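J.: Supplied in structure tokens, the structure appears directly below.
Protein chains: 4
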Amino acid sequence: MITAVPVMRELGRKVRNWGRWGADDERGTTNLITPGRVAAAAGLVRTGEVFDLGIPLDGDGPQPGGYRINPIRLMSETGHEQVLPGGFKWADDYVFMPLQAGSQYDSLAHVHYDEQLYNGHPASGLNVKGADKCGIHTQAKGIAGRGVLLDVARFRGVEWLDLGSVIGPDELDMVAAAQGVEVGPGDILLIRTGWRAKFLADQDAAGFMAGEPGLGLGCASWLRERDVAVVGSDNFGVEVMPGENAGAMFELHMVLIRDMGMTLAEMLDLEQLATACAADGAYDFFYTGAPLKFTRGVGSPINPLAIR
Amino acid sequence: MITAVPVMRELGRKVRNWGRWGADDERGTTNLITPGRVAAAAGLVRTGEVFDLGIPLDGDGPQPGGYRINPIRLMSETGHEQVLPGGFKWADDYVFMPLQAGSQYDSLAHVHYDEQLYNGHPASGLNVKGADKCGIHTQAKGIAGRGVLLDVARFRGVEWLDLGSVIGPDELDMVAAAQGVEVGPGDILLIRTGWRAKFLADQDAAGFMAGEPGLGLGCASWLRERDVAVVGSDNFGVEVMPGENAGAMFELHMVLIRDMGMTLAEMLDLEQLATACAADGAYDFFYTGAPLKFTRGVGSPINPLAIR
Amino acid sequence: MITAVPVMRELGRKVRNWGRWGADDERGTTNLITPGRVAAAAGLVRTGEVFDLGIPLDGDGPQPGGYRINPIRLMSETGHEQVLPGGFKWADDYVFMPLQAGSQYDSLAHVHYDEQLYNGHPASGLNVKGADKCGIHTQAKGIAGRGVLLDVARFRGVEWLDLGSVIGPDELDMVAAAQGVEVGPGDILLIRTGWRAKFLADQDAAGFMAGEPGLGLGCASWLRERDVAVVGSDNFGVEVMPGENAGAMFELHMVLIRDMGMTLAEMLDLEQLATACAADGAYDFFYTGAPLKFTRGVGSPINPLAIR
Amino acid sequence: MITAVPVMRELGRKVRNWGRWGADDERGTTNLITPGRVAAAAGLVRTGEVFDLGIPLDGDGPQPGGYRINPIRLMSETGHEQVLPGGFKWADDYVFMPLQAGSQYDSLAHVHYDEQLYNGHPASGLNVKGADKCGIHTQAKGIAGRGVLLDVARFRGVEWLDLGSVIGPDELDMVAAAQGVEVGPGDILLIRTGWRAKFLADQDAAGFMAGEPGLGLGCASWLRERDVAVVGSDNFGVEVMPGENAGAMFELHMVLIRDMGMTLAEMLDLEQLATACAADGAYDFFYTGAPLKFTRGVGSPINPLAIR
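Residue numbers (the numbering used here), protein chains in the order written: chain A, 8 to 315; chain B, 8 to 315; chain C, 8 to 315; chain D, 8 to 315.
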């Protein structure tokens, strides 16, 4: 059992991928998604059915206010007042939003400790202009490859896991075994906790953000051993909150993002995909989800597709 | 030759897809991307090489100001001032941007005339709150399928076509024949004019937006006959500007979007993809590009992937 | 007693100022602040003490989220990364905010009914581009003149009035009499309900916006008879909420703004001013508060000054 | 003549007001606007005529794009789609803007050098969250007092001074003498260069921002000797640009803001005020202009009033 911040740092050292893809690397574990793996993953497309994993971006999203808000989209043109040659009329809109308001990737610049980002890049390079290293634009070619869903809520037989419920490495193994799927190198692993189902049921943004069920710290080594490329979830932070150790917060974020160099995908909607996977028992698929290329950005909204 | 606005309306009636997918349809020609076609398109992945077609979203983009601006991304947190349990530090950012500032899809609500949108939906439903019909969220499952590149600039042997240069249907046939590729039902057709190459060479935003080479009105029937699902280009509006008829503007937009129900992809970067296609002569690939799910939105920024 | 919507419309007709300052007028009762009255009001400055009546614009404001948010101010430059000739370093910031997020004027375009704005201007002129008539820029010369504070909370001997507590015309007379002040033509009348004091005490944004004590419908005629130019208050909407009539909402807004042509000032902080007025018994002062000149804007944030 | 950066620093030391109003002071020369001076200034109101000195805030402003843009105001509600009790309909709008897009005050946190702000406050306190010292909210009680206009363009007999034209201290004396006005302690001094008139004539935003006529470095001591509280102008930076010394930029900004602690007012419209002053020869007036209370903000848009 992991009980103190020094242990978190020790864990970070253990699973660290610094230098593995060169001293200048800014991409981390998405390097594991090699062209060969992409090509193999495309072979997982069977019927061509497409599942969109992004949540709607509008005022009814899961942000209760505070440091992030739901997107505010406003119209700049509707066309009705325009008098243009040939009767042409056009509409346009603007958005103001946190880049991590809804379904999103955390760039590897999202989290730091002890003055360093992933791969030892100095945290001082993260300033008012953005991230000089590990910005989300460095993941521009997207995250396309083999996706695997581990449906923990279904495994437990519940609609959703409770706030604070920890998912440990043993349970990941058990879910995989029950589903008949293996998790391997370069995979995009999606964990379904049911937290999105809860929000869809109660529309309680404050409740959605008050904490969550999710991965425990023990999963870090499990993910490292399997060389998983990306972990995504239907909650807002992948990891369990409150965390397992009282004196710390977001420890798994620190270990996964800063030490392991792992991109996280958060606030996904896995509901329809999970239903389809359960129906035919096939829990892997072709996943494609590219971030928008915000230069030096810390995160990006996404709408990934799972294609079966 | 098409010479007057009444002719544009006549053309619109001729290529119109209203009612084809039901009276309530809001998706138009993306209905042509059936699961079977998606599955077939996945088979085009050979080496697994990924090309990202979105342009960078930052202050150096192609918007000179005026009714659209380049995205303004600002940091809300860098972490440096935070004192949190366990040494956790996090960064976050916000963006303010037109949804059509860079690489983007036009929703079918982007353009209207004679008080109607695609499929006869009343334009009055497009108001300060957005598009009650044909919003970009209705394309949420994305546009994933067979992509075909027609590299007109390479065919003509120029770095880029001149502003105002018209690409007609005959030339599309000639380029396809020269490339040894066929364009068929449900395809995502990408037209390379070199307009992006020009911008990369001169970084002249005002010049980029002052007009462009692009498709002529005559291409509408060509696209309709082949049942193309989506047309994208490396210019800002797909069609030639100034348009072919002095008394009108954006006529092809009106015909394609409002009459045919075709989603357009604009301001793509096709440079590296074109180089790769030229190198091995394979001009079709698996294209995946999902819009963000802006509820009632008129457009969405995108970063599509071409996977070969 | 006023009990139904038809009665509201009847009241509107009775107090209406349409045509009084010409058929094209867009300013309404601020026309009552004549140069002579401005000059006389300047004579109210005695010690030169200045009271700022605007509330802070930051994330801790009274907007709980939903259709308005608190201002989001983000830095674009701090200077620390700049290397410029002569060692020059500069900082800059941006804001995204509803124009009515905090202390603010309602323009006369803020409210309409029966398809008409103040002075019969068609409501259809209010569209996605803003207000073609009665925009806040038409009040650009500001509201400078005799300010009068009526401290209803102090009169009642309470810290703040309860949510839903109605202030009627008789009470306005009693407060004025108790304070030894008269309200007359061209005055900027400030009503203190204590609602700001409540927010300062409990920092409860949701509570602040859930309703409020304020003026009842009966005050409309009282204001009209005295030819008051502007009414301001420390609550968010001047009038009592819930309103006096179950089948309607914001009836006083409709009558004052749309019929009488009165500019409202909302969410002011009257606390320190009230203390000073109570200390020396002088309840009138020189008030100056200009809106920002947002062309076609519906409202404007303000920070008015009361100078005694 | 001042010719090098060391000389700028020497000048800064000479005119410095650090410690003058206490070690914690964040307001600088606005401390000079004492209540007594406010009261005296109110006595300058003669006819009650009001001049609004702010420029319109809209898309036609003087920002050509780049690091600042013109304000973008977008409607969130027009009322037309609302169906509310009693027929109530309301409109609302949002703005996204640089706080220094138009007429504005520079807070004392706007400029720094050698790691210090005004009064020796460490520049490190200026971070992604804003200004921990000298934020614009510290000027909340506004700038209300004796305003004096020096109309340099009229003195020279030109519509506007040329870009790069230097106004020196001797000329300030000559203009004051010609106008029959004296500049004294606590005054808000407004310098008319005609740069706004040029913009109104040519609507050339890029030209407006390309440089400007304005005060030379020699004016710093002149302002210090007279204990002027605030300097404003109709150009964008008060001082001449390009500056007098090739190896530096914004030297007067550095000396006035960081060393002297002087608030600057920029991009004012002094045209109508100047005409009125010339007509009756009275060049002083009551000036009132409060910033919006952006907590920790670096600047604030303003619409000051000159009341004669």
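In this text, a Cβ means the ideal position worked out from N, Cα and C, and glycines have one as well. Small disclaimer: the values here were computed from a predicted structure and weren't measured.
Using three-state DSSP, classify D211 (chain A) as helix, strand or coil.
T.: For this step, residue 211 (chain A) is matched to residue 204 along the first sequence. Coil at D211 (chain A), not helix or strand.
J.: Taking C-beta pairs closer than 9 Å, name the residues in chain D that P63 (chain C) reaches, listed in chain order.
T.: Within the third sequence, the letter at position 56 stands for residue 63 (chain C). Those within 9 Å of P63 (chain C) in chain D are H144, A147, K300, F301 and T302.
J.: Could you confirm whether any beta carbon from chain B is found closer than 9 Å to the beta carbon of Y112 (chain C)?
T.: Sequence index remark: in the third sequence, residue 112 (chain C) carries index 105 (1-based). It does not: the Cβ of Y112 (chain C) has no partner Cβ on chain B nearer than 9 Å.
J.: May I ask you to report which of helix, strand or coil DSSP gives N134 (chain B)?
T.: The sequence position of residue 134 (chain B) within the second sequence is 127, counting from 1. N134 (chain B) falls in the strand class under three-state DSSP.
J.: DSSP state of Y294 (chain A), grouped into three classes?
T.: In the first sequence, the residue the question calls residue 294 (chain A) occupies position 287. Strand.
J.: When burial is assigned at 16 or more other CB atoms within 10 Å of the CB, is I9 (chain A) buried or exposed?
T.: The residue you call residue 9 (chain A) lines up with position 2 of the first sequence. Bear in mind that a pLDDT of 44 at I9 (chain A), under 50, signals an unreliable position, so the number given afterwards is only what the model happens to contain. Counting Cβ neighbours within 10 Å, I9 (chain A) comes out buried, since at least 16 surround it.
J.: Starting from M104 (chain B), follow the beta strand (DSSP E) in both directions and report where the run begins and ends.
T.: To locate residue 104 (chain B), count along the second sequence from 1; it is residue 97. Element bounds for M104 (chain B): D99 to P105.
J.: If you drop the 5 nearest sequence neighbours on each side, which residues of the same chain put their C-beta closer than 7 Å to that of S307 (chain B)?
T.: Start at 1 with the first residue of the second sequence, and residue 307 (chain B) comes out as number 300. The residues are L106, Q111, Y112, I143, P298, L299 and F301.
J.: Report all residues from its chain with a CB closer than 7 Å to the CB of I264 (chain A); omit the five preceding and five following residues, and keep chain order.
T.: Position 257 of the first sequence holds residue 264 (chain A). Contacts found: D113, L115, H117, V118, Y125 and L271.
J.: Taking the alpha helix (DSSP H) that D177 (chain D) belongs to, which residues open and close that run?
T.: Translated into the one-based positions of the fourth sequence, residue 177 (chain D) becomes position 170. Start and end: P176 to Q186.
J.: Pop quiz: Q153 (chain C) and L259 (chain C) are said to be a contact at Cβ under 8 Å. What is the actual Cβ separation, rounded to whole angstroms?
T.: The residue given as residue 153 (chain C) occupies position 146 in the third sequence. The residue given as residue 259 (chain C) occupies position 252 in the third sequence. Reading off the sequence shown, one finds Arg at residue 153 (chain C), where the question assumed Gln. Actually they are not in contact, since the Cβ atoms of R153 (chain C) and L259 (chain C) sit about 23 Å apart, beyond 8 Å.
J.: Taking one C-beta from the segment 284 to 299 of chain D and one from the segment 174 to 190 of chain D each time, how about it: are there three or more such pairs within less than 8 Å?
T.: The segment 284 to 299 of chain D is in contact with the segment 174 to 190 of chain D.
J.: Return helix, strand or coil for M248 (chain B), following the three-state DSSP convention.
T.: Here residue 248 (chain B) refers to the residue found at position 241 of the second sequence. Three-state DSSP puts M248 (chain B) in a strand.
J.: Taking the C-alpha atoms as reference points, what is the distance between M104 (chain C) and K148 (chain C)?
T.: In the third sequence, residue 104 (chain C) corresponds to position 97, counting from 1. In the third sequence, residue 148 (chain C) corresponds to position 141, counting from 1. When rounded, the distance between both Cα atoms is 23 Å.
J.: Of all Cβ atoms in chain B, is any one closer than 9 Å to the Cβ of G72 (chain A)?
T.: As a first step, residue 72 (chain A) must be located in the first sequence, where it is residue number 65. So no, G72 (chain A) is outside the interface.
J.: Mind listing the chain B neighbours of V135 (chain C)? Cutoff is C-beta to C-beta under 8 Å, in chain order.
T.: Within the third sequence, the letter at position 128 stands for residue 135 (chain C). Per Cβ cutoff of 8 Å: N134 and V135.
J.: Just checking: is the beta-carbon of V14 (chain A) within a distance shorter than 9 Å of some beta-carbon in chain C?
T.: Translated into the one-based positions of the first sequence, residue 14 (chain A) becomes position 7. It does not: the Cβ of V14 (chain A) has no partner Cβ on chain C nearer than 9 Å.
J.: I'd like to confirm the pairing. Which residues does DSSP put opposite T270 (chain C) in its beta bridges?
T.: Within the third sequence, numbered from 1, the residue matching residue 270 (chain C) stands at position 263. Per DSSP, C:V237.
J.: Which full runs of the beta strand (DSSP E) of 3+ residues lie inside the segment 19 to 71 of chain C, going along the chain?
T.: You should have 57 to 59.
J.: Please list, in chain order, the chain A residues whose beta carbon lies closer than 9 Å to that of E84 (chain C).
T.: In the third sequence, counting from the first residue as 1, residue 84 (chain C) sits at position 77. Within 9 Å Cβ-Cβ: V135 and K136.
J.: How is the beta strand (DSSP E) around V113 (chain A) delimited, first residue to last?
T.: For the purposes of this step, residue 113 (chain A) is taken as the residue at position 106 of the first sequence. Sequence inspection shows Asp at residue 113 (chain A); the Val mentioned does not correspond to that position. Element bounds for D113 (chain A): Q111 to D113.
J.: Measuring alpha carbon to alpha carbon, tell me which residue in C:E232, C:R203 and C:G304 is nearest G218 (chain C).
T.: As a position in the third sequence, residue 218 (chain C) is number 211, starting the count at 1. Comparing Cα positions, the closest option is C:R203.
J.: Who does F301 (chain D) pair with in a DSSP beta bridge?
T.: Translated into the one-based positions of the fourth sequence, residue 301 (chain D) becomes position 294. According to DSSP, which records beta bridges pairwise, F301 (chain D) is partnered with C:L64.
J.: Which residues in the same chain as R303 (chain A) place their Cβ atom closer than 6 Å to its Cβ, once the five residues preceding and following it in sequence are excluded?
T.: Here residue 303 (chain A) is taken as the residue at index 296 of the first sequence, counted from 1. Counting only Cβ-Cβ distances below 6 Å, and skipping sequence neighbours, we find G137, A138 and G142.
J.: Take the Cβ of L230 (chain B) as the centre, count every other Cβ of all protein chains shown within 10 Å, and call the residue buried at 16 or more, exposed below.
T.: Here the question's residue 230 (chain B) lines up with position 223 in the second sequence. Buried, since its Cβ has 16 or more Cβ neighbours within 10 Å.
J.: Can you give me the start and stop residues for the alpha helix (DSSP H) that R75 (chain B) sits inside?
T.: To locate residue 75 (chain B), count along the second sequence from 1; it is residue 68. Counting along the chain, R75 (chain B) falls outside any alpha helix (DSSP H), and DSSP gives it neither H nor E.
J.: Determine the extent of the alpha helix (DSSP H) in which A285 (chain B) is found, giving its start and end residues.
T.: Here the question's residue 285 (chain B) lines up with position 278 in the second sequence. Note, A285 (chain B): alpha helix (DSSP H), E278 to D287.
J.: Measuring CB atoms only, is the segment 87 to 96 of chain C touching the segment 36 to 53 of chain D, in the sense that at least three cross pairs come out at less than 8 Å?
T.: No: fewer than three Cβ pairs fall under 8 Å.
J.: Considering only residues of the same chain and omitting the five flanking positions on each side of V22 (chain C), which have a CB-CB separation below 7 Å?
T.: As a working note, residue 22 (chain C) is residue 15 in the third sequence. Excluding residues within five positions, the ones whose Cβ falls inside 7 Å are A227, S228, R231, V262, D266 and M267.
J.: Return helix, strand or coil for G94 (chain D), following the three-state DSSP convention.
T.: Indexing the fourth sequence from 1 puts residue 94 (chain D) at position 87. It is helical.
J.: I309 (chain C) and I76 (chain A) look like a contact to me (Cβ under 8 Å); what is the Cβ gap, rounded to whole Å?
T.: Counted from its first residue, the third sequence places residue 309 (chain C) at position 302. Counted from its first residue, the first sequence places residue 76 (chain A) at position 69. That pair is no contact at about 24 Å.
J.: From what residue to what residue does the alpha helix (DSSP H) around A160 (chain B) run?
T.: Within the second sequence, numbered from 1, the residue matching residue 160 (chain B) stands at position 153. Run containing A160 (chain B): V159 to R163, per the alpha helix (DSSP H) assignment.
J.: Apply the 10 Å Cβ neighbour rule to G193 (chain A) and answer buried if 16 or more other Cβ atoms are within range, or exposed otherwise.
T.: As a working mapping, residue 193 (chain A) is identified with position 186 in the first sequence. With 16 or more other Cβ atoms within 10 Å, it is buried.
J.: Once you ignore the five residues that flank W167 (chain D) on each side, which residues in its own chain have a CB closer than 7 Å to its CB?
T.: Looking up residue 167 (chain D) in the fourth sequence gives position 160. A160, T200, G201, W202, A204 and K205, listed in sequence order.
J.: Could you say which of A:V155, A:D209, A:S131 and A:G29 lies nearest to G191 (chain A) if we only look at CA atoms?
T.: Within the first sequence, numbered from 1, the residue matching residue 191 (chain A) stands at position 184. Minimum Cα distance to G191 (chain A) is reached at A:V155.
J.: Using three-state DSSP, classify Q89 (chain B) as helix, strand or coil.
T.: Locating residue 89 (chain B) in the second sequence gives position 82, counting from the first residue. Q89 (chain B): coil per DSSP, three-state reduction.
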